[in-house]
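Have a look at the structure below, then the notes.
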Amino acid sequence: MDRQQLQKFVQYLISEHHTEVLPTAQKLADEILQQRSEINQIPGAPDPTAGASADDEHSWHLDEEQVCEQVKSYLSQGAYYNANKQLNSLFSKVREMLRAQDSNGARMLTLITEQFLSDPRLQLWRNQGTPMSDKCRQLWDQLGSLWVCIVLNPNCTQHEKQQWKALLEKWTVIDVCPPEDPDFRLQQGSRDSYSNRDRDRDRYDDRYRDRDRYADRERDRRDRRDRDRERERDRNRAAYDSSDSSEEDDDDYNPRNNKRLRLAGSHSKSQIPALPRSIFHSDTYCSHVPDTSSSGSFNSQGQPLWHESIPLCASRVDSLRSHGHMEAALRLAVSVVRTMKQQQLIAQRKWHESQQNTSSSSKSQPSCKVTAYIVGMEDQHNNIRPRYHHVPVVGSRDRSETYLTLAFEVALIGLGQQRIMPVGLYAQEKACKQEDRLIAKLQEIELDNSLVAVLRRQAIILLEGGPTSGLGIGIHPESIPMHTFARFLFLSLLNYYPDLAYEVGLRAMRLPLLEEHEDSDDPLGGNASSSLMMSRSPRWFTLGHIETQQCALSSTMLSAAKGEVMRLRTVLESSQRHIHSSSHLFKLAQDAFRFATPENGPRHPTLLSVAFELGLQVMRMTLSSLNWRRREMVRWLVTCATEVGVDALISIMQNWYQFFTATEATGPVATTIMSHGTIMRLNLIFTQQEELSSCARTLALQCATKDPPNCALNALTLCENEALAFETAYQIVVDAASHIMTSSQLFTIARYMEHRGYPTRAYKLAMLAMKNVHLAYNQDTHPAINDIHWACALSHSLGKTELSNMIPLLVKNVQCATVLSDILRRCSMTAPGISCPHPPPLDNGKHQNHPHRSRSCTAGGIKPLSYDRPPLRQLLEAAVAAYINTTHSRLTHISPRHYGDFIDFLTKARDTFILAHDGHVQFTQLIENMKVAYKGKKKLMFLVKERFG
1 MDRQQLQKFV
11 QYLISEHHTE
21 VLPTAQKLAD
31 EILQQRSEIN
41 QIPGAPDPTA
51 GASADDEHSW
61 HLDEEQVCEQ
71 VKSYLSQGAY
81 YNANKQLNSL
91 FSKVREMLRA
101 QDSNGARMLT
111 LITEQFLSDP
121 RLQLWRNQGT
131 PMSDKCRQLW
141 DQLGSLWVCI
151 VLNPNCTQHE
161 KQQWKALLEK
171 WTVIDVCPPE
181 DPDFRLQQGS
191 RDSYSNRDRD
201 RDRYDDRYRD
211 RDRYADRERD
221 RRDRRDRDRE
231 RERDRNRAAY
241 DSSDSSEEDD
251 DDYNPRNNKR
261 LRLAGSHSKS
271 QIPALPRSIF
281 HSDTYCSHVP
291 DTSSSGSFNS
301 QGQPLWHESI
311 PLCASRVDSL
321 RSHGHMEAAL
331 RLAVSVVRTM
341 KQQQLIAQRK
351 WHESQQNTSS
361 SSKSQPSCKV
371 TAYIVGMEDQ
381 HNNIRPRYHH
391 VPVVGSRDRS
401 ETYLTLAFEV
411 ALIGLGQQRI
421 MPVGLYAQEK
431 ACKQEDRLIA
441 KLQEIELDNS
451 LVAVLRRQAI
461 ILLEGGPTSG
471 LGIGIHPESI
481 PMHTFARFLF
491 LSLLNYYPDL
501 AYEVGLRAMR
511 LPLLEEHEDS
521 DDPLGGNASS
531 SLMMSRSPRW
541 FTLGHIETQQ
551 CALSSTMLSA
561 AKGEVMRLRT
571 VLESSQRHIH
581 SSSHLFKLAQ
591 DAFRFATPEN
601 GPRHPTLLSV
611 AFELGLQVMR
621 MTLSSLNWRR
631 REMVRWLVTC
641 ATEVGVDALI
651 SIMQNWYQFF
661 TATEATGPVA
671 TTIMSHGTIM
681 RLNLIFTQQE
691 ELSSCARTLA
701 LQCATKDPPN
711 CALNALTLCE
721 NEALAFETAY
731 QIVVDAASHI
741 MTSSQLFTIA
751 RYMEHRGYPT
761 RAYKLAMLAM
771 KNVHLAYNQD
781 THPAINDIHW
791 ACALSHSLGK
801 TELSNMIPLL
811 VKNVQCATVL
821 SDILRRCSMT
831 APGISCPHPP
841 PLDNGKHQNH
851 PHRSRSCTAG
861 GIKPLSYDRP
871 PLRQLLEAAV
881 AAYINTTHSR
891 LTHISPRHYG
901 DFIDFLTKAR
911 DTFILAHDGH
921 VQFTQLIENM
931 KVAYKGKKKL
941 MFLVKERFG
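For the sequence shown, position 709 (counting from the first letter as 1) is numbered 709 according to full-length UniProt numbering, and the numbering increases by one without interruption.
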């Protein structure tokens with residue numbers, strides 16, 4: 001602003017607030033008019049928008065009303081992407097304020113929390129008993145993490161701690177405040193499941209209880225000595241204790257039913273050991289004075305240790321970083337990493353000592369939150385892949401110890417710890433995602449000799465570890481499997497220490513939870529988790545993901561071992577023993593087949609045989625249970641066996657009952673194997689072709705005997721080139737026709753026989769089929785009509801004797817007048833033994849013309865059959881009787897809209913009646929009876945008189 005604008009600005013400001021600023025304005029005006037005043041001696045003027053100086057406390061203006069309105073607006077938008085993005089931006093703003101040491105950071109988080117608690121969806125979810133949405137859960141998790149950062153601020157005053165404690169306690173008693181465990185339901189069943197689970201764990205840990213109780217007493221004794229020594233040493237030193245915030249936490253914290261805003265990891269002051277203040281007060285990481293008191297505050301090299309629970313340590317590091325104490329956070333992280341390394345070695349030593357007297361067992365360990373320790377390595381909001389380098393640890397005597405190796409090693413320790421699967425879907429999915437994220441971070445690091453050495457050392461420790469290691473000999477059945485982590489270790493170690501890599505991979509293949517239920521394959525989807533896990537408590541909601549990772553680990557090892565027979569065999573046996581899902585085994589078999597038959601490159605016969613063996617196991621697993629992919633599995637196995645060779649094809653046909661049903665064996669298996677394409681692909685010699693054909697015929701006869709209705713046709717097809725086998729299969733069909741097979745199946749086989757040039761056998765099967773056919777008067781669209789026409793045409797073409805045998809069956813089982821009249825006309829058009837016109841097929845052309853039925857209708861002066869003589873006389877009488885019965889049946893329930901169809905029906909009936917010598921009289925009598933019996937239907941009778949007189 002220029003001089004005139006500034007003058008107007010000052011005048012308007014004084015005019016608007018004359019009562020407040022007028023005395024100050026007059027005082028400043030008097031000082032400006034004095035030439036020797038302090039204001040005139042200082043050049044320039046203060047900038048009211050610059051804020052406080054760097055050393056002063058930052059206290060910017062916070063528009064509380066605007067913050068509340070923004071949060072309320074974003075929450076009202078639900079789970080939309082933009083709303084969540086804006087709320088995450090607010091959380092980032094809070095962290096930015098904490099990092100700048102702005103005192104409004106806690107106030108802003110308080111306002112956000114109050115708006116979250118006022119969200120109307122909380123009450124709705126509570127009343128309906130429905131779980132909170134995942135997006136909302138994630139926002140609440142971030143809210144809780146920010147509060148942990150604030151209450152663990154080492155610079156906060158006692159008054160601020162009291163205020164925050166009062167706020168948190170007030171919020172936790174609100175009914176709609178969500179619990180820390182979002183999947184917890186306070187029900188009797190839930191309580192029972194938790195108590196059962198705890199009781200099982202207690203039984204499982206019985207062996208270690210006495211030893212742990214003794215270790216706890218020793219730890220308490222060391223802690224008391226440590227506190228005495230620390231108080232004596234720091235009596236005259238200024239205290240800078242960051243652990244006081246835990247003094248305000250509540251005791252007896254229960255994460256299952258406590259509210260989400262309760263401070264996680266709470267302990268009383270007496271439970272936390274005295275902390276070595278050199279971590280904050282010194283720029284070095286080591287006193288270089290060994291700890292001779294055996295208190296555990298320093299290691300053998302004089303480096304400080306930090307004995308707190310891992311989640312609380314991670315929260316402290318996060319809090320220090322959030323408040324701008326980067327160096328202190330780094331020093332604390334280094335101390336915690338060293339503590340974890342020491343505890344790992346101590347646990348391993350105790351395990352080896354206990355192995356001398358006791359057998360292997362297992363004990364669960366809590367989950368390790370290690371992502372907070374990868375500090376100073378990468379900005380989490382930077383999408384550019386970082387390039388890491390080694391920076392030596394200040395004060396360390398070990399030249400190979402760098403911040404990168406420590407971060408790498410603590411991630412391996414945390415991922416390799418044995419930890420119990422959490423309860424609830426959200427917690428389990430969160431654990432999987434955190435593990436995947438941490439492994440993705442590790443994969444971004446380019447390995448060098450130092451990191452490979454760390455990998456090797458940790459892999460050996462984990463393999464030789466006891467109950468604390470997820471790769472140890474004995475693990476708890478409910479501990480989280482190590483498949484994803486082991487796959488990372490395997491790929492990282494493979495090029496440097498292949499033996500160690502395979503040992504890690506094979507050890508991690510186990511899945512104890514399913515190994516207790518050997519026959520737990522899912523009857524519908526081939527997944528063991530669907531039926532077993534939904535009935536047990538607590539449920540493993542992520543078991544499908546876990547089994548997928550197990551399959552991926554096995555697939556990776558198979559691909560790496562494709563050139564080594566012994567290792568391939570070992571991986572195969574491990575996969576067959578530990579993978580319990582047929583779908584995942586099938587996926588593994590497909591992967592092995594793909595690795596063994598690359599498009600460009602040499603084939604791997606050993607790996608191909610592994611894929612074949614896996615496919616055979618899949619067939620065994622799914623033979624007695626339903627699987628929607630079973631048909632695909634059978635086709636794939638035949639393809640795989642074809643690639644393996646003729647011996648594999650002969651093997652599956654000779655032992656078909658172990659892998660296939662009878663229908664599958666004669667259908668997609670034997671038919672595909674005996675196809676021309678398979679023979680040409682294998683380039684078989686004549687003796688090999690004969691051997692395959694003999695196996696196929698033997699299989700066909702066995703299957704036809706076991707399941708004639710479904711296998712007879714395929715069996716006849718497979719045996720058609722060998723007379724004795726074909727006759728045997730035909731006899732099996734004849735024997736089963738009377739009590740097992742349906743008319744439709746018999747008609748299909750009879751048509752096949754006619755097509756192959758066996759009309760007599762076809763006629764015999766058609767007669768057997770006709771015995772099982774029954775058509776009522778109103779079934780003029782029955783699917784068997786076309787087969788009946790074909791059977792009568794076949795009988796007529798064979799001769800008068802065959803037709804005479806067929807007609808009594810036809811009259812007995814068919815009451816449909818239109819079918820009988822159609823057959824009557826066709827049989828009368830030509831003489832017996834000569835093919836007669838056949839109706840167009842009703843089912844897309846099953847019927848074909850054949851040589852034995854192609855003789856001319858005018859051959860040799862043979863006369864057609866007469867209606868007045870057998871066998872057509874019986875058929876004509878049956879047709880007339882059927883028309884009479886059908887007429888009366890249709891008139892019983894006829895409606896005016898069907899009058900036209902009924903008149904057309906009577907027209908067809910008259911055409912059939914007049915074929916008899918007294919047919920005209922019978923039809924006239926039928927019409928007269930109708931006029932008398934149904935005289936009330938005047939409109940219908942008028943139409944009858946109009947058409948028939």
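No residue lacks a Cβ here, since even glycine has one placed at the ideal position from N, Cα and C.
Quiz prompt | N-terminal and C-terminal residue of the alpha helix (DSSP H) that L442 is part of | solution = Taking the first residue of the sequence shown as position 1, residue 442 is located at position 442. From DSSP, the alpha helix (DSSP H) with L442 extends over 425 to 443.
Quiz prompt | Backbone secondary structure at T113 - three-state DSSP | solution = Start at 1 with the first residue of the sequence shown, and residue 113 comes out as number 113. Helix at T113.
Quiz item: DSSP state of P759, grouped into three classes?
Solution: To locate residue 759, count along the sequence shown from 1; it is residue 759. In this structure, P759 counts as helix in the three-state DSSP scheme.
Quiz item: Anyone know if the C-beta pair for S804 and P759 falls short of 9 Å?
Solution: Here the question's residue 804 lines up with position 804 in the sequence shown. Here the question's residue 759 lines up with position 759 in the sequence shown. No, these two residues do not count as a Cβ contact at 9 Å.
Self-check item: Same chain, Cβ closer than 7 Å to residue 998, neighbours up to 5 away in sequence not counted
Solution: Nothing about residue 998 can be reported from this structure: the residues present for the chain run from 1 to 949 only.
Exercise. Could you check what DSSP says for D918 in three-state terms: helix, strand or coil?
Key: Within the sequence shown, numbered from 1, the residue matching residue 918 stands at position 918. Looking at D918 - three-state DSSP - the assignment turns out to be coil, as it is neither helix nor strand.
Quiz item: Given that a residue counts as buried once 16 or more other Cβ atoms are within 10 Å of its Cβ, and exposed if not, what is Y502?
Solution: For the purposes of this step, residue 502 is identified with residue 502 of the sequence shown, where counting begins at 1. Its Cβ being crowded by 16 or more others within 10 Å, Y502 is buried.
Quiz item: From residue 956 to D868, what does the alpha carbon distance come to, in whole angstroms?
Solution: In this structure the chain extends from 1 to 949, so residue 956 is not present and cannot be described.
Quiz item: How should R331 be labelled, buried or exposed, when 16 other C-beta atoms within 10 angstroms of its C-beta is the threshold for buried?
Solution: Sequence index remark: in the sequence shown, residue 331 carries index 331 (1-based). Per the 10 Å Cβ criterion, buried.
Self-check item: Cβ pair residue 951, S335 closer than 9 Å
Solution: What the structure shows of the chain is the stretch from 1 to 949, and residue 951 is not part of that stretch, so it cannot be assessed.
Quiz item: Quick one: what's got a C-beta closer than 6 Å to A83's C-beta in the same chain, skipping five residues either side?
Solution: What you label residue 83 is simply residue 83 of the sequence shown in a count that begins at 1. Same-chain partners within the cutoff: Y74, Q77.
Quiz item: When the cut-off is 9 Å and only beta carbons count, does H578 lie next to chain C?
Solution: Protein chains in the displayed structure number just one, and chain C is not present.
Exercise. Using 10 angstroms around the beta-carbon of P896, count the other beta-carbons present and answer buried if the total reaches 16, otherwise exposed.
Key: In the sequence shown, counting from the first residue as 1, residue 896 sits at position 896. Exposed: under 16 other Cβ atoms inside 10 Å.
Quiz item: How would you label M680, buried or exposed, when you count the other beta carbons within 10 angstroms and need 16 or more for buried?
Solution: Along the sequence shown, read from residue 1 onward, the residue named residue 680 stands at position 680. Label assigned to M680: exposed.
Exercise. Just mark S242 as buried or exposed, buried being the case when its beta carbon has 16 or more other beta carbons within 10 Å.
Key: In the sequence shown, counting from the first residue as 1, residue 242 sits at position 242. Here the model assigns S242 a pLDDT of 38, short of 50, so the residue's position is not dependable, and the following value carries that caveat. The residue in question, S242, is buried, as its Cβ has 16 or more Cβ neighbours within 10 Å.
Self-check item: Classification of W628 by the beta-carbon crowding that lies within 10 angstroms, buried from 16 upward
Solution: Taking the sequence shown and counting its residues from 1, the one referred to as residue 628 is at position 628. Burial call: exposed.
Practice problem: Measure the alpha-carbon distance for T19 versus A25 and round it to whole angstroms. | Solution: Walking along the sequence shown from the start, residue 19 turns up at place 19. Walking along the sequence shown from the start, residue 25 turns up at place 25. Taking the straight line joining both Cα atoms gives about 11 Å.
Quiz item: Helix, strand or coil: how does DSSP classify V814 here?
Solution: Locating residue 814 in the sequence shown gives position 814, counting from the first residue. Strand at V814.
Exercise. Pair every Cβ in the segment 693 to 712 with every Cβ in the segment 647 to 661, then say whether three or more of these pairs are closer than 8 Å.
Key: yes
Quiz item: If we count the other Cβ atoms within 10 Å of its Cβ and call it buried at 16 or more, is L809 buried or exposed?
Solution: In the sequence shown, the residue the question calls residue 809 occupies position 809. Per the 10 Å Cβ criterion, buried.
Quiz item: So who's on the other strand from P304, going by DSSP bridges?
Solution: Mapped onto the sequence shown, residue 304 falls at position 304. Partner(s): F298.
Self-check item: the segment 83 to 99 in contact with the segment 142 to 160 per 3-pair CB rule at 8 Å
Solution: yes
Quiz item: Counting along the chain, where does the alpha helix (DSSP H) carrying N683 start and finish?
Solution: To locate residue 683, count along the sequence shown from 1; it is residue 683. Premise fails: N683 is in no alpha helix (DSSP H) and is neither H nor E.
Practice problem: Would you mind working out which of R397, D398, S396, L404 sits nearest H389, comparing C-alpha positions? | Solution: Against the sequence shown, residue 389 aligns to sequence position 389. Taking only the C-alpha atoms, the option nearest H389 is L404.
Self-check item: Close Cβ partners of R761 (< 7 Å) along its chain, the five nearest in sequence each way excluded
Solution: Within the sequence shown, residue 761 is the residue found at index 761, counting from 1. Cβ within range, chain order: Y730, M753.
Quiz item: To the nearest whole angstrom, what separates the beta carbons of L608 and A596, a pair I think is in contact under 8 Å?
Solution: Reading the sequence shown from its first residue, position 608 is the one you call residue 608. Reading the sequence shown from its first residue, position 596 is the one you call residue 596. L608 to A596, Cβ: 4 Å. Contact.
Quiz item: Given that a residue counts as buried once 16 or more other Cβ atoms are within 10 Å of its Cβ, and exposed if not, what is N714?
Solution: For the purposes of this step, residue 714 is identified with residue 714 of the sequence shown, where counting begins at 1. With 16 or more Cβ atoms within 10 Å of its Cβ, N714 is classed as buried.
Quiz item: Mapping DSSP to helix, strand and coil, what is L28?
Solution: Within the sequence shown, the letter at position 28 stands for residue 28. The answer is helix: DSSP assigns L28 an H, G or I state.
Quiz prompt | Under the three-state DSSP convention, the category D283 falls into | solution = Residue numbering aside, residue 283 sits at position 283 when the sequence shown is read from its first letter. Below a pLDDT of 50, predicted positions are generally treated as unreliable, and D283, at 45, falls in that range; no measurement from the model is reported.
Quiz prompt | Contact set for Q142: own chain, Cβ-Cβ below 6 Å, skip 5 residues either direction | solution = Along the sequence shown, read from residue 1 onward, the residue named residue 142 stands at position 142. Counting only Cβ-Cβ distances below 6 Å, and skipping sequence neighbours, we find F91.
Practice problem: Just grab the DSSP bridge partners of S469 for me. | Solution: Here residue 469 is taken as the residue at index 469 of the sequence shown, counted from 1. Answer is Q417, bridged to S469.
Exercise. Decide if V733 is buried, meaning its Cβ has at least 16 other Cβ atoms within 10 Å, or exposed.
Key: Looking up residue 733 in the sequence shown gives position 733. The residue is buried, with at least 16 neighbouring Cβ atoms inside 10 Å.
Practice problem: From the DSSP output, in three-state form, read off P179 for me. | Solution: By one-based count along the sequence shown, residue 179 stands at place 179. Reduced to three states, the DSSP call for P179 is strand.
Quiz item: For A347, which residues from the same chain have a beta carbon less than 6 Å from its beta carbon, with the 5 sequence-adjacent residues on both sides left out?
Solution: If you number the sequence shown from 1, residue 347 lands on position 347. Taken in chain order, the residues that qualify are T468.
Quiz item: What distance in whole Å lies between the Cβ atoms of A725 and L699, which are believed to be in contact at a cut-off of 8 Å?
Solution: Mapped onto the sequence shown, residue 699 falls at position 699. Mapped onto the sequence shown, residue 725 falls at position 725. Wrong, their Cβ atoms sit about 11 Å apart, outside the cutoff.
Practice problem: Alpha carbon to alpha carbon, how far is T130 from E64? Give it in angstroms, no decimals. | Solution: Counting from one through the sequence shown, the residue named residue 64 turns up at place 64. Counting from one through the sequence shown, the residue named residue 130 turns up at place 130. Approximately 32 Å between the Cα atoms of the pair.
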